[in-house]
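S.K.: Residue numbers (full-length UniProt numbering), protein chains in the order written: chain Z, 1 to 624; chain P, 1 to 254. Cβ coordinates follow ideal geometry from the N, Cα and C atoms, glycine included. Take a look at this one; I'll ask things after.
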């Protein structure tokens with residue numbers, strides 16, 4: 001029922017420019033000039049790093065004169081940004097309802113990965129609650145939930161030893177009834193179910209711009225332009241992205257989505273909630289010696305190699321899919337204060353612990369990847385709906401941090417969104433003040449669901465780590481207030497502010513002496529990045545854009561010794577000496593990027609703005 | 001000069017992906033690996049579409065042999081500008097054993113059936129690097145061939161092909177109907193943009209089996225074993241030239 005109609009969209013469209021201007025002005029750090037102004041008023045030469053058109057507009061760029069900027073536009077009933085658990089569950093639920101009520105509904109889903117599941121990365125221990133609601137017959141449909149959890153082990157690690165912690169029923173980390181899954185495969189299966197139901201899936205096309213009606217409500221999205229050269233000029237194969245218009249647009253970009261970042265500013269969605277806090281998760285898949293393989297075994301640890309004031313821990317899951325495969329990884333809270341900390345090297349170092357190394361000895365590493373995840377929980381949930389759209393999944397952030405599970409809540413949020421918007425999108429007469437539908441019922445339904453109850457019960461566990469005893473204080477708090485009192489205490493603890501503000505200057509911190517990788521259990525960064533299969537078209541502007549090209553050397557390197565060299569799990573950022581000899585410059589190896597979003601989160605100057613590269617680029621995870 | 005054109009497309013792993021050999025050494029792991037169109041086939045499709053845009057070709061038909069997923073590859077070709085597609089269904093064990101000889105028999109049969117005047121293929125596929133299908137197709141049809149083409153143009157009703165050969169560039173003129181295989185520098189393929197992908201969904205893909213074309217696809221080649229290349233070992237540093245000569249003699253190389 002979607003009609004293809006040609007709209008002439010003038011490039012100087014007011015609504016697009018308004019969104020862009022709003023974002024740029026509100027992000028300008030007061031004491032710094034933009035690169036353009038700086039060139040005009042100062043003789044200091046800063047090597048030009050950023051060429052992306054979101055920073056250097058194409059309107060006044062002479063290379064873009066006469067280039068056809070018209071965009072093809074198409075109409076759908078619902079457009080979903082992001083093909084992860086939330087987006088796909090929403091799409092599936094919409095089509096299930098449409099079939100039940102015998103209505104026609106055009107649902108389009110765009111996903112930046114070249115195939116559904118290729119950018120999905122998670123531990124993961126899936127709680128099947130949401131899946132049971134979505135597809136009660138998931139087993140018959142062949143959902144890849146093949147490994148039931150049989151053993152649940154929790155430890156506190158010291159440098160050489162391990163203190164076992166009993167997994168009592170009722171503790172949030174307890175996994176009875178859950179399944180160890182390869183989330184990428186699960187998401188791919190969800191994609192197949194969605195296609196069977198008639199959802200139009202478009203992997204390989206990234207949503208790069210939000211479109212607005214005249215009245216300010218969201219009209220839809222535009223996909224990325226292709227064929228722009230590294231220096232920002234148009235190539236012969238340049239083609240404009242396409243516009244997808246919808247009655248309502250669902251944004252399910254996952255943790256720290258770049259369009260969601262714009263929407264927060266545009267609609268002031270974060271005024272009554274705490275800033276989101278994050279962690280970075282790094283993961284590897286290993287084929288181990290069969291003798292060491294214990295399918296269904298779940299291991300978690302805290303403690304070494306992190307000190308008690310750095311939140312984080314490890315996971316190691318034995319999969320049961322016919323071959324001796326284990327998924328293991330390390331999570332570090334991004335509120336750490338030492339700029340010398342390297343999450344990647346902590347992960348590599350942890351693998352040598354006497355409790356972990358024996359499992360990996362004689363084995364083979366076959367995959368690597370990393371992604372940021374939410375830790376803010378209940379306190380950081382923003383306003384979820386706005387005229388023309390709403391937020392689902394890890395983008396607003398429904399992760400249950402102590403359980404380290406967010407997939408079931410993400411799926412449920414997608415399903416609730418679908419149920420809330422369905423009656424309105426199929427209604428004969430659109431009953432709305434704004435051109436884009438505003439559906440506050442979604443937020444209401446969410447508040448009345450088990451997602452809200454679950455998140456509320458664990459809301460104080462993560463913030464409880466911010467005390468003198470750090471990790472141990474947090475564990476004591478969890479034991480008393482969650483295990484015994486089920487999170488019913490009347491107070492709500494606060495987080496400490498944004499993660500970017502937590503870094504201390506380098507002069508106040510000690511560098512960490514990491515051991516060299518041994519090439520058998522621990523590895524160097526570049527060989528790891530190669531395993532992620534990540535790649536991008538080389539001749540395109542770097543998608544890691546800097547608002548001010550001068551800030552990295554002046555501030556990040558000057559004060560914090562360039563923490564981005566250490567927290568990026570893909571080696572994108574490097575400080576290299578200038579060709580002239582004196583001083584350093586920042587080199588951005590954008591092709592390595594695995595789309596984890598950590599740099600956008602942790603940059604102490606908040607100068608890095610991650611935007612989406614040409615669709616199809618990024619990691620090529622296979623069942624991560 | 002209006003002709004019909006067949007372009008053949010093959011689907012394999014994205015060229016940057018790390019390949020793993022299956023534990024039983026019978027082949028490589030294909031499950032869940034990101035697939036896309038063979039890069040040389042993309043160039044072939046681009047050339048076909050360019051010829052159509054110059055109005056030298058009436059119709060571009062994209063052909064692929066393989067399992068259900070081959071239709072995705074055909075759709076990409078349709079999104080780049082092909083008019084319709086033909087999917088020759090070959091699945092499972094038959095697909096694993098499908099080699100250049102079988103594919104060229106299918107292409108030859110289709111070229112006759114569709115009365116095509118030009119068949120364009122990629123010069124080789126990146127999975128087996130055989131570089132045989134184009135040549136075999138020409139032989140089976142008894143048509144002239146212009147392989148490793150880096151430039152293709154029509155001169156009257158003949159085809160002028162500039163070929164990349166070891167010694168440099170060779171320019172030949174061949175009669176039509178003909179077979180051409182595309183080399184790297186023939187063109188830069190365009191992106192398959194989303195509006196074109198959506199339009200491609202409406203274009204027809206005919207489905208048929210090799211038997212319908214009277215082609216026998218039994219393989220005459222049996223893969224005995226697949227091994228990873230040997231691990232690169234560290235080099236050995238020597239202090240003097242005498243040491244080097246000594247080591248070369250020891251290993252029997254000198």
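Is there a C-beta anywhere in chain Z that falls below 9 Å from the one on residue 229/P?
M.R.: For the purposes of this step, residue 229/P is identified with residue 229 of the second chain, where counting begins at 1. Cβ-Cβ to chain Z under 9 Å: no for residue 229/P.
S.K.: At 3 residues or longer, what runs of the beta strand (DSSP E) sit wholly inside the stretch 97-165 of chain Z?
M.R.: List check, beta strand (DSSP E) in window: 107-111, 151-157, 162-165.
S.K.: State the beta-bridge partners of residue 373/Z as determined by DSSP.
M.R.: For the purposes of this step, residue 373/Z is taken as the residue at position 373 of the first chain. Partner(s): 279/Z.
S.K.: Verify the CB distance criterion: does residue 72/Z have a CB-CB separation below 9 Å to chain P?
M.R.: Indexing the first chain from 1 puts residue 72/Z at position 72. Cβ-Cβ to chain P under 9 Å: yes for residue 72/Z.
S.K.: Measuring alpha carbon to alpha carbon, tell me which residue in 571/Z, 486/Z, 387/Z, 199/Z is nearest residue 215/Z.
M.R.: Position 215 of the first chain, counted from the first residue, corresponds to residue 215/Z. If we check each option's Cα against that of residue 215/Z, 387/Z comes out closest.
S.K.: Could you tell me whether the Cβ of residue 34/Z comes closer than 9 Å to any Cβ of chain P?
M.R.: As a working mapping, residue 34/Z is identified with position 34 in the first chain. Only weak support exists for where residue 34/Z lies, its pLDDT of 39 falling under 50; the coordinates are left without a value.
S.K.: Given that residue 605/Z touches chain P, what residues does it touch there, using C-beta distances under 9 Å?
M.R.: The sequence position of residue 605/Z within the first chain is 605, counting from 1. None at all; the shortest Cβ gap to chain P is about 33 Å.
S.K.: Sorted by chain position, which residues of the same chain lie with C-beta nearer than 8 Å to residue 213/Z's C-beta, five sequence neighbours on each side aside?
M.R.: As a position in the first chain, residue 213/Z is number 213, starting the count at 1. Here the set comprises 15, 219, 388, 434, 435, 436.
S.K.: So which residues of chain P does residue 626/Z contact, with C-beta pairs closer than 7 Å?
M.R.: Within the shown structure, residues of chain Z are numbered from 1 to 624, placing residue 626/Z beyond reach of any answer.
S.K.: With a cut-off of 8 Å on the beta carbons, I'd call residue 393/Z and residue 87/Z a contact; round off their distance for me.
M.R.: Indexing the first chain from 1 puts residue 393/Z at position 393. Indexing the first chain from 1 puts residue 87/Z at position 87. So it is a contact: roughly 7 Å between Cβ atoms.
S.K.: For the alpha helix (DSSP H) containing residue 80/P, name the first residue and the last one.
M.R.: For the purposes of this step, residue 80/P is taken as residue 80 along the second chain, with counting starting at 1. Start and end: 70-80.
S.K.: By a C-beta neighbour count over all protein chains shown, 10 Å radius and 16 as the cutoff for buried, is residue 491/Z buried or exposed?
M.R.: Position 491 of the first chain holds residue 491/Z. Flag for residue 491/Z reads exposed.
S.K.: Can you give me the Cβ contacts of residue 353/Z inside the same chain, cut-off strictly under 7 Å, excluding the 5 residues immediately before and after it?
M.R.: The sequence position of residue 353/Z within the first chain is 353, counting from 1. Closer than 7 Å at the Cβ level, and outside the excluded window around residue 353/Z, lie 157, 304.
S.K.: In the DSSP assignment, what are the bridge partners of residue 502/Z?
M.R.: Against the first chain, residue 502/Z aligns to sequence position 502. DSSP output for residue 502/Z lists no bridge partner at all.
S.K.: Should residue 509/Z and residue 337/Z be called a contact, given that it needs their Cβ atoms to be closer than 9 Å?
M.R.: Against the first chain, residue 509/Z aligns to sequence position 509. Against the first chain, residue 337/Z aligns to sequence position 337. In this structure, residue 337/Z lies closer than 9 Å to residue 509/Z by Cβ.
S.K.: Taking the straight line between their C-alpha atoms, what separation do you get for residue 265/Z and residue 249/Z?
M.R.: Counted from its first residue, the first chain places residue 265/Z at position 265. Counted from its first residue, the first chain places residue 249/Z at position 249. Rounded to the nearest angstrom, the two C-alpha atoms are 17 Å apart.
S.K.: Relative to the C-alpha of residue 351/Z, which candidate in 514/Z, 294/Z, 424/Z has its C-alpha closest?
M.R.: For the purposes of this step, residue 351/Z is identified with residue 351 of the first chain, where counting begins at 1. Nearest option by C-alpha distance: 514/Z.
S.K.: Between residue 10/P and chain Z, is there a C-beta pair that is closer than 9 Å?
M.R.: Reading the second chain from its first residue, position 10 is the one you call residue 10/P. Judged by the 9 Å Cβ criterion, residue 10/P is not in contact with chain Z.
S.K.: What are the partner residues of residue 204/Z, as DSSP defines its beta bridges?
M.R.: Here residue 204/Z corresponds to residue number 204 of the first chain, with the count starting at 1. None, per the DSSP bridge assignment.
S.K.: Are the beta-carbon atoms belonging to residue 306/Z and residue 366/Z less than 9 Å from one another?
M.R.: Taking the first chain and counting its residues from 1, one reaches residue 306/Z at position 306. Taking the first chain and counting its residues from 1, one reaches residue 366/Z at position 366. No; because the gap between Cβ atoms is not below 9 Å, this pair is not in contact.
S.K.: Give me the subset of the stretch 62-79 of chain P whose CB atoms are less than 8 Å from a CB atom of chain Z, sorted by chain position.
M.R.: Answer set for the stretch 62-79 of chain P: empty.
S.K.: Output needed in chain order: residues of the stretch 144-173 of chain Z with a Cβ under 8 Å from some Cβ in chain P.
M.R.: Listed in sequence order: no entries.
S.K.: Round the Cβ separation of residue 80/P and residue 46/P to the nearest angstrom and send it over; I've been treating them as touching at under 8 Å.
M.R.: The count along the second chain starts at 1 and reaches residue 80/P at position 80. The count along the second chain starts at 1 and reaches residue 46/P at position 46. Yes, they are in contact, since the Cβ atoms of residue 80/P and residue 46/P sit about 7 Å apart, within 8 Å.
S.K.: Is it buried or exposed, residue 181/P, if we count other Cβ atoms within 10 angstroms and call 16 or more buried?
M.R.: Locating residue 181/P in the second chain gives position 181, where the first residue counts as 1. With 16 or more Cβ atoms within 10 Å of its Cβ, residue 181/P is classed as buried.
S.K.: Exposed or buried, residue 27/Z, counting other C-beta atoms within 10 Å across all chains shown (16 or more means buried)?
M.R.: Counting from one through the first chain, the residue named residue 27/Z turns up at place 27. Residue confidence for residue 27/Z is low, a pLDDT of 39 falling below 50, so the modelled location carries little weight; the figure read from the coordinates is stated next. Exposed: under 16 other Cβ atoms inside 10 Å.
S.K.: For residue 180/Z and residue 396/Z, I'd like the C-alpha separation in whole angstroms.
M.R.: Taking the first residue of the first chain as 1, we reach residue 180/Z at position 180. Taking the first residue of the first chain as 1, we reach residue 396/Z at position 396. Going from the Cα of residue 180/Z to the Cα of residue 396/Z covers about 25 Å.
S.K.: For residue 20/P, go through chain Z and note every residue whose CB falls closer than 8 Å to its CB, in chain order.
M.R.: For the purposes of this step, residue 20/P is taken as residue 20 along the second chain, with counting starting at 1. Ordered by position in chain Z, the residues that pass the 8 Å Cβ test against residue 20/P are 366.
S.K.: So, at 8 Å on beta carbons, what are the nonlocal neighbours of residue 565/Z in its own chain, with the 5 sequence-adjacent residues on each side left out?
M.R.: In the first chain, residue 565/Z corresponds to position 565, counting from 1. If we look at residue 565/Z and ignore the five residues flanking it on each side, its Cβ neighbours are 573, 574, 575.
S.K.: Out of curiosity, what's the CA-to-CA distance linking residue 618/Z and residue 193/Z?
M.R.: As a first step, residue 618/Z must be located in the first chain, where it is residue number 618. As a first step, residue 193/Z must be located in the first chain, where it is residue number 193. Roughly 24 Å separates the two Cα atoms.
S.K.: Taking contact to mean 3 or more Cβ pairs, one atom from each stretch, closer than 8 Å, check whether the stretch 124-137 of chain Z and the stretch 222-230 of chain Z are in contact.
M.R.: The stretch 124-137 of chain Z is not in contact with the stretch 222-230 of chain Z.
S.K.: Quick check: the Cα distance between residue 605/Z and residue 558/Z, rounded to an integer number of angstroms?
M.R.: Within the first chain, numbered from 1, the residue matching residue 605/Z stands at position 605. Within the first chain, numbered from 1, the residue matching residue 558/Z stands at position 558. So the alpha carbons of these two residues sit roughly 12 Å apart.
S.K.: Pick out the complete alpha helix (DSSP H) segments inside the stretch 462-489 of chain Z, 4 residues or longer, and give them in chain order.
M.R.: The qualifying runs are 470-477.
S.K.: Ordered along the chain, which non-local residues of its own chain (more than five positions away) have a Cβ less than 6 Å from that of residue 145/Z?
M.R.: Taking the first chain and counting its residues from 1, the one referred to as residue 145/Z is at position 145. These residues qualify, in order along the chain: 179, 181.
S.K.: Could you tell me whether the Cβ of residue 528/Z comes closer than 9 Å to any Cβ of chain P?
M.R.: Here residue 528/Z refers to the residue found at position 528 when the first chain is read from its first residue. Not an interface residue.
S.K.: Comparing the C-beta of residue 205/Z with each C-beta of chain P, is any distance below 9 Å?
M.R.: Against the first chain, residue 205/Z aligns to sequence position 205. Yes, because at least one Cβ of chain P sits closer than 9 Å to the Cβ of residue 205/Z.
S.K.: Between which two residues does the alpha helix (DSSP H) carrying residue 264/Z extend?
M.R.: Taking the first chain and counting its residues from 1, the one referred to as residue 264/Z is at position 264. Counting along the chain, the alpha helix (DSSP H) containing residue 264/Z begins and ends at 258-267.
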